[in-house]
């Protein structure tokens, strides 16, 4: 996808916007599978009970439909694909089935945690993360409902679209990864000085409005969302400070990923400056998403997975981590500069090419990291 953006899609490889959909949905699949894995890994220690029946089937189904979206979206995106005499919206179908496995996960999680006498801090964070995931999923389910009701109001469509996209990324992912980090740190020493998960979740809830195109958002809604975003950034800053104090106990990639959250805090401060949000929503939207999903979320998840399941003395893992850090850093910088390209002595194409070549390092780092995990690691 990235090389196609810089140099043009090769003939027969499909249309670029369809490949973007395939890329985005596969990214959602990776993050949600990683978080489900970390949550299921830790939960029995908090509940004192084995995992509910059906977890293995739920994880298998989530994996299957997450992977299927790459193939389903690539040919025609959200359009229809001819299969025999039938025309099927394979992309929407695969996304819908994947979403149903998220509800399955939420139901199993509720069954596992409903009778807990005491709720530890990681479980508090996961509880609120899953509430935001549920609300975000309602936004995703609203799209076929709007189509069925033949509602073509752009504001309403954008509202539900960003209810899903932004609450998934800045809501569910943020709180769930925080929960996994706290669970890791509490193996060594308890953390009782963290802000309430409910407080962070409530502040994050209106921030999805800031993902909407500026032309669709009334000024009064912008200010509500913007100040809520500022308050959420303040709470996130406290979490960051607490994590920084325990930095020696954090995996390398988690520490690297936390740098991405500094950008989120900085953007919340800048967003209240008149005109900055309207400009950044167009010029820096892609950079912002990569800061959130790649630098912060994916780095932290890869670091946590390696710490939980990987063989730490595997030499491949050290090389993999540094390849990942270099690749993500170069792509992050190229996408940031892309937002200011009109004022720089650089071409947009050169920055896109830089991001494309950086993606090679990221993929190599991820593949090399697999060597540290069973069954690939012989010493694990």
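Numbering (our numbering), first residue to last: 3 to 382.
Cβ atoms here follow ideal geometry from the backbone N, Cα and C, with glycine treated the same way.
Quantities reported herein were computed from a predicted structural model and do not represent experimental measurements.
How would you call residue i, buried or exposed, if buried means at least 16 neighbouring beta carbons within 10 angstroms?
| i | result |
| --- | --- |
| residue 62 | exposed |
| residue 293 | buried |
| residue 109 | exposed |
| residue 89 | exposed |
| residue 60 | buried |
| residue 168 | buried |
| residue 299 | buried |
| residue 349 | exposed |
| residue 84 | exposed |
| residue 157 | exposed |
| residue 78 | buried |
| residue 272 | exposed |
| residue 151 | exposed |
| residue 381 | For residue 381, the predicted structure reports a pLDDT of 48, less than 50, and the residue's modelled location is therefore unreliable. A value from the coordinates is still provided. Label assigned to residue 381: exposed. |
| residue 27 | buried |
| residue 365 | exposed |
| residue 346 | exposed |
| residue 1 | No information on residue 1 is available, as it lies outside the stretch 3 to 382 that the chain covers here. |
| residue 153 | exposed |
| residue 327 | buried |
| residue 74 | buried |
| residue 155 | exposed |
| residue 10 | exposed |
| residue 14 | exposed |
| residue 31 | buried |
| residue 213 | buried |
Among the options, which has the Cα closest to the Cα of residue i?
| i | options | result |
| --- | --- | --- |
| residue 218 | 274, 53, 161 and 239 | 161 |
| residue 52 | 115, 297, 96 and 82 | 115 |
| residue 266 | 254, 171 and 48 | 171 |
| residue 93 | 311, 282 and 23 | 23 |
| residue 175 | 38, 277, 144 and 232 | 38 |
| residue 361 | 151, 334, 129 and 177 | 334 |
| residue 145 | 129, 130, 165 and 131 | 165 |
| residue 329 | 363, 301 and 344 | 363 |
| residue 48 | 87, 123 and 187 | 123 |
| residue 263 | 366, 272, 235 and 73 | 235 |
| residue 308 | 227, 370 and 133 | 370 |
| residue 119 | 50, 374 and 73 | 50 |
| residue 96 | 214, 71 and 355 | 71 |
| residue 64 | 134, 314 and 34 | 34 |
| residue 205 | 152, 189 and 130 | 130 |
| residue 225 | 237, 211 and 320 | 211 |
| residue 285 | 255, 152 and 341 | 341 |
| residue 193 | 148, 246, 203 and 228 | 246 |
| residue 195 | 256, 91 and 242 | 242 |
| residue 237 | 191, 8 and 201 | 201 |
| residue 186 | 45, 287 and 288 | 45 |
| residue 378 | 312, 153 and 339 | 312 |
| residue 112 | 132, 98 and 99 | 132 |
| residue 289 | 258, 17 and 332 | 332 |
| residue 258 | 321, 317 and 297 | 297 |
| residue 18 | 32, 31, 69 and 80 | 80 |
| residue 372 | 351, 316 and 339 | 316 |
| residue 190 | 251, 56 and 16 | 251 |
| residue 249 | 121, 188 and 228 | 188 |
| residue 274 | 221, 314 and 180 | 221 |
| residue 244 | 16, 180 and 12 | 180 |
Just confirm the distance between the C-beta atoms of residue i and residue j, as a whole number of angstroms; I'd bet it's less than 8 Å.
| i | j | result |
| --- | --- | --- |
| residue 139 | residue 106 | With 8 Å as the limit, residue 139 and residue 106 do not qualify as a contact, their Cβ atoms being about 12 Å apart. |
| residue 21 | residue 76 | 6 Å |
| residue 230 | residue 216 | Actually they do not touch by this definition, with Cβ atoms about 17 Å apart. |
| residue 376 | residue 305 | Not confirmed; about 18 Å, so no contact. |
| residue 43 | residue 310 | 6 Å |
| residue 101 | residue 142 | 6 Å |
| residue 357 | residue 325 | Between residue 325 and residue 357 the Cβ distance is about 16 Å, and since that is not below 8 Å, they are no contact. |
| residue 3 | residue 295 | Contact doesn't hold; Cβ gap of about 14 Å is too wide. |
| residue 232 | residue 270 | 5 Å |
| residue 319 | residue 374 | 4 Å |
| residue 343 | residue 302 | Going by Cβ atoms, the distance from residue 343 to residue 302 rounds to 29 Å, so no, they are not a contact pair. |
| residue 260 | residue 184 | About 13 Å; that fails the 8 Å criterion. |
| residue 8 | residue 354 | 4 Å |
| residue 173 | residue 148 | Contact flag wrong, Cβ pair sits at about 21 Å. |
| residue 240 | residue 197 | 5 Å |
| residue 199 | residue 177 | 6 Å |
| residue 40 | residue 182 | 4 Å |
Since residue i sits in a beta bridge, which residues does DSSP pair it with?
| i | result |
| --- | --- |
| residue 83 | 90 |
Every unbroken alpha helix (DSSP H) within the region 183-249, with a cutoff of 4 residues, ordered by chain: 199-206 and 221-247
Start-end ranges of the alpha helix (DSSP H) lying completely within the region 268-340, minimum 4 residues: 278-285, 287-292, 301-311 and 317-340
Alpha helix (DSSP H) runs contained entirely in the region 45-129, provided each spans 4 or more residues: 57-78 and 92-115
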